[in-house]
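Asks:
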Amino acid sequence: MAWWRAWCLPAVVCCSVWLCSSPSVQAAEPPQFNRDIRPILSNHCFPCHGPDSAARKGGFRLDRRDDALANADSGQPVLVPGNPGASPLLQRVRATEAAEVMPPPEIKKPLSAKQIDLLERWIAAGAPYERHWSLISVQRPAVPAVSQPAWVRNEIDAFVLARLEREGLPASPEAGPETLIRRLALDLTGLPPTPAEVEAFVAEILAAQQTDRATTANSRSQTEAVYRRWVDYFLDSPHYGERMAVDWLDAARFADTNGYQVDRDREMWAWRDWVIQAFNSNQSFAQFTIEQIAGDLLPNATPSQKIATGFHRNHMLNEEGGVIPDEFLAEYCADRVETTAALWLGQTFNCARCHDHKYDAFTQRDFYGMYAFYHNVAEGGIGNYGASIRRNAPPFLKLPAPELEAKLAKLRMDLATAQPQLKDLDAKLQAEQPQWEEQLQKTLAAGAPANTPPTAPVPEDILALLKKPAAERNEADRQKLSAYQQSTHPERKALAERIAGLTKQIDETDLQIPTTLVMEELPQPRVTRVLMRGDYTRPGDEVTANTPASLPPLAADLPRNRLGLARWLVDPANPLPARVTVNRFWQSIFGTGLVRTSEDFGTQGEPPSHPELLDWLADEFVRSGWDVKHVLRLMVTSSTYRQSSRARRDLLERDPDNRLLARGPRFRLQAEFLRDQALAASGLLVKTVGGPSVKPYHPPGLYEQVTAGSTTNTYVAGTGDELHRRSMYTYWKRSVPHPAMLVFDAPFRESCSVRRSRTNTPLQALNLLNDPTYVEAARFLAARMLTEVGPTLDTQLTQGYRLVLARAPQPRELAVLRAAYQRALTEFQADANAATELLQVGIRRTGTELNPARWGAMTVVASTILNLDETVMKE
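Be aware that the sequence shown starts at 1, since it is given in our numbering, and climbs by one per residue.
1) In the region 622 to 699, which residue ranges form an unbroken beta strand (DSSP E) of at least 3 residues, counting only runs that do not cross its ends?
2) In this structure, what does DSSP give as the bridge partners for glutamate 174?
3) Rounded to whole angstroms, what's the CA-CA distance from valine 872 to arginine 668? Just pull it up for me.
4) Would you mind reading off the limits of the beta strand (DSSP E) that contains proline 539?
5) Under three-state DSSP, which class holds methionine 873?
6) Have a look at the DSSP bridge pairing and note the partners of arginine 908.
7) Find the nearest neighbour of serine 588 within the set His49, Glu29, Arg61 and Leu186, judged by alpha-carbon distance.
8) What does the alpha-carbon distance come out to for the pair tyrosine 774 and alanine 245?
9) Using 8 Å as the cut-off, can you tell me whether the region 617 to 637 makes contact with the region 578 to 592, which would need three or more C-beta pairs spanning the two stretches below that distance?
10) What does the Cβ neighbour count give for alanine 416, buried or exposed, with the cut at 16 atoms within 10 Å?
11) Got a sec? Which residues, its chain only, sit under 6 Å from valine 686 by beta carbon, not counting five neighbours each side?
12) For proline 238, tell me which candidate among Arg755, Ala777 and Val689 has the shortest Cα-Cα distance.
13) Could I get the ranges of all uninterrupted alpha helix (DSSP H) runs contained in the region 248 to 324, with 4 residues as the minimum, in chain order?
14) Looking only at its own chain, which residues have a Cβ that is under 7 Å from the Cβ of alanine 450, when we skip the five neighbours before and after it?
15) Using only the alpha-carbon positions, how far apart do glutamate 106 and alanine 99 sit?
16) On the DSSP bridge list, what partners appear for lysine 398?
17) Shortest alpha-carbon distance to phenylalanine 780 belongs to which of Gly58, Ala555 and Trp855?
18) Just confirm the distance between the C-beta atoms of alanine 573 and proline 552, as a whole number of angstroms; I'd bet it's less than 8 Å.
19) Tell me whether the beta-carbon of arginine 336 lies closer than 7 Å to the beta-carbon of histidine 375.
20) Quick one: what's valine 377 bridged to in DSSP?
21) Report buried or exposed for methionine 413, applying the criterion of at least 16 other Cβ atoms within 10 angstroms of its Cβ.
22) Please classify asparagine 83: is it buried, with 16 or more other beta-carbons within 10 angstroms of its beta-carbon, or exposed?
23) Checking the sheet assignment: what are the DSSP bridge partners for threonine 528?
24) When we look at the beta-carbon of aspartate 392 and count the other beta-carbons within 10 Å, is it buried (16 or more) or exposed?
25) Could you give the first and the last residue of the continuous alpha helix (DSSP H) run that contains methionine 741?
26) My output table needs one value for threonine 730: the three-state DSSP class, helix, strand or coil.
27) Distance, Cα to Cα, glutamate 120 vs cysteine 48?
28) Should the region 304 to 322 be called in touch with the region 289 to 296, which here means at least 3 C-beta pairs below 8 Å?
29) With a floor of 4 residues, list each alpha helix (DSSP H) that falls wholly inside the region 448 to 508, ordered by position along the chain.
30) Are there any heavy atoms of the ligand NAP lying less than 6 Å away from the beta-carbon of isoleucine 290, as far as the coordinates show?
31) Of all the options Val754, Ile843, Leu793 and Arg802, which has the alpha carbon lying nearest to the alpha carbon of leucine 249?
32) On the criterion of 16 or more Cβ atoms from any shown chain inside 10 Å, does alanine 494 qualify as buried, or is it exposed?
33) Under 8 Å Cβ to Cβ from leucine 634, same chain only, skipping five residues before and after it: list those, please.
34) Got a sec? Which residues, its chain only, sit under 6 Å from valine 198 by beta carbon, not counting five neighbours each side?
35) Using a threshold of 7 Å, state whether the C-beta atoms of arginine 734 and threonine 257 are closer than that.
36) Taking only three categories from DSSP, how would you classify leucine 19?
And the structure:
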């Protein structure tokens, strides 16, 4: 937890300073607890005077009003409402002596004069408390009136514009149609629009605008109809589900390996396919939630609903020798609690695993109450440690595999035929055993093989039994003789070998049938206890499955199992899941959530930039039946979304992070979409949806350096279509995710991640310039530029821009590209080997004969286009 706090605390401190200096906080206005006071107390006071009873000092806590007004160890309360001068809290934060001032100097978090002033005015106003904003029930706020109603396309715009008008900032003009079509396509499918789509969209929008201008002043009905039709076009694309699934895979910690040191293979692609299909079919988010957490507990659960439960089998699985099962069973249950809390509640429950939460109203008992929901899963604490066994540890579900199933059916039929034959033959041999013994004794006495089969000499113990009178032999003697008789009978031996071979083939074929990890309840629930300091060897009080006490209770008619938990998560009375979910959707579209800290809606998180808008969206989400496409449609059809992303000087000074939304979203594409864009523009992209993971080009030797003694200690790149599938299907090894993903800030997926960081490093540029995928994409993009349009250089350069950026280059841009092409052409004409070397990168061949120097020069230009700032950004 320490590393996360090290990052989070400065962000929250900055947030509180911004809030305190905001024009919306007027000097004469009484401070608001959630907006002005709670951030101060949370950052500076809660570690010692907050929810964590074990860390509490001085006998008082400041996170609850009743406790703050109660007598502390000193015998008096630290707060005297209405009387700042008599309040020890204010006296201590104003103190100058090191022994008296709070927070203590060694904490190195002194309060500023502005913060002290806020505390004084708050106490003077009666020290009113408010419940933390994210725990207050969602109420649908009234849509505000604005002075420019013509700008408002839907309710989102009213909330945004009302804030802009209060701040005295104008909205930005609408982006051009080429920018909008690219923005829409990337946001809703993760792929750039094709030239044909761009041409059709621009033509339809321009025609509709002309019609609107000719009919009624300020009308835009035709333009809106065209735009909405294109929004639905992208929402209905099969690639929409892929785009939405990428973020969910991060949160679900999806990977193709188990993690830890051994990091062996696992099969989970069927769950990924389920996620894609769920988004494409617009399954309600409520049902999406229920099936993933408890699909197996639904009445008459279907195979699809069972596959969905793989969500909580995505955690890491330890297969190392010497692993203690109980230790890692505790780890897996804790992981499920932390993931559930982060993804649906936006809470840092990991902080309550070892002690009461230091900042939020969650106790350690709350943590283990949630833990108990997941403690009944029929899994062990370790994986399948061995070589020749199924990759997935139980419980798992076998997937349909018609060819293998037909082969298995034939093998089992053959086995079913052979086994009775063997049984009949054994009965016959048993009946003939006296004659066999007599014949064998005669043969041995004569010293000749006679009619016996050519076998090794008769063992001494068998010779001894033959000499023993039949009446004196016990059952073991008789079985031993019978076994020897069977082993020397040619027909019986052949039949036994056939049965053994069939059995082996059945086992081997059965192991080839793909499986997927699923959840499954134990017949008898495990006992759950609070683990002291999170240590599995220190069990404390017994607890039963329950939801956190600070949130609405589990309804009385809900079962206290995973199904009850899932239904509680999507109960409209729960204030968190709808807020948290629409915030993540906003984050995916606008780059930053209305709550920037989408992983933390607690007191250490950042408050929402537009709280009323967040609540309106959350309420609308629930009212719509948890309709994901409905919410996304609202976002991308708003005027807020359609603004130009160009940063004006006034905005750079007033709102550099665009928290006020006075301009359109602009941020770097995610790792997967950067690669997909290059493949799509080059024509290399294979758009097949779903299926097992694939292995594209990869730097040699990485796996060997990281993992030894594993099924994944070498990387063998795929061939054919596998090299150019969408990046979301790239094989994900937890200990070594694909470098092209990591360098652009993809997580390792060892734990739940709901927000990727965005860094800007030289390594990223080096990757785009030199990774074989990008070089090969540049080569094929160059071939398209040379062959799909006319022979003039400007036409070919323009085609490259259109394929990548959905627009034609400006004259100055065209001049730069033209000069770059001529320089490269001159170099390649002088050094043919250099051109040949460049054009050999990647295994795909164009099938078209092109001049190497011209093709190489155009490849340089294509690579330049793929590396433009505008290319790697969503404008």
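All C-beta atoms, glycine included, are put in the ideal place defined by N, C-alpha and C. As the structure is a prediction and not an experimental result, all values here were calculated from the model.
Replies: For this structure:
1) The DSSP assignment places no complete beta strand (DSSP E) segment of no fewer than 3 residues inside the region 622 to 699.
2) Per DSSP, the beta bridge partners of glutamate 174 are Gln643.
3) 6 Å
4) Run containing proline 539: 539 to 543, per the beta strand (DSSP E) assignment.
5) strand
6) Given that the chain is displayed from residue 1 to residue 875, the structure contains no residue 908 and the question cannot be resolved.
7) Nearest to serine 588 by alpha-carbon distance, out of His49, Glu29, Arg61 and Leu186, is Leu186.
8) 24 Å
9) yes
10) exposed
11) Asp721, His724 and Arg725
12) Val689
13) 269 to 280, 285 to 294 and 303 to 308
14) Low per-residue confidence applies at alanine 450: pLDDT is 42, beneath 50, and the placement is therefore not dependable, though the value from the model is reported in the following sentence. Taken in chain order, the residues that qualify are Thr443.
15) If I take the Cα positions, the gap works out to 11 Å.
16) Thr515
17) Trp855
18) 5 Å
19) no
20) Glu521
21) exposed
22) exposed
23) Val543
24) Per the sequence shown, residue 392 should be read as asparagine rather than aspartate. So asparagine 392 counts as buried.
25) Here the alpha helix (DSSP H) through methionine 741 covers 739 to 742.
26) strand
27) About 21 Å.
28) yes
29) Listed in chain order, the alpha helix (DSSP H) elements of length 4 or more contained wholly in the region 448 to 508 are 460 to 467 and 475 to 487.
30) Because no ligand of any kind appears in the structure shown, any question about the ligand NAP cannot be addressed here.
31) Nearest neighbour of leucine 249 by Cα position, chosen from Val754, Ile843, Leu793 and Arg802, turns out to be Val754.
32) exposed
33) Asn154, Glu155, Ile156, Leu617 and Glu620
34) Ile181 and Ala806
35) Yes, Cβ-Cβ distance for arginine 734 and threonine 257 is below 7 Å.
36) For leucine 19, the predicted structure reports a pLDDT of 34, less than 50, and the residue's modelled location is therefore unreliable. The matter cannot be settled from this model.
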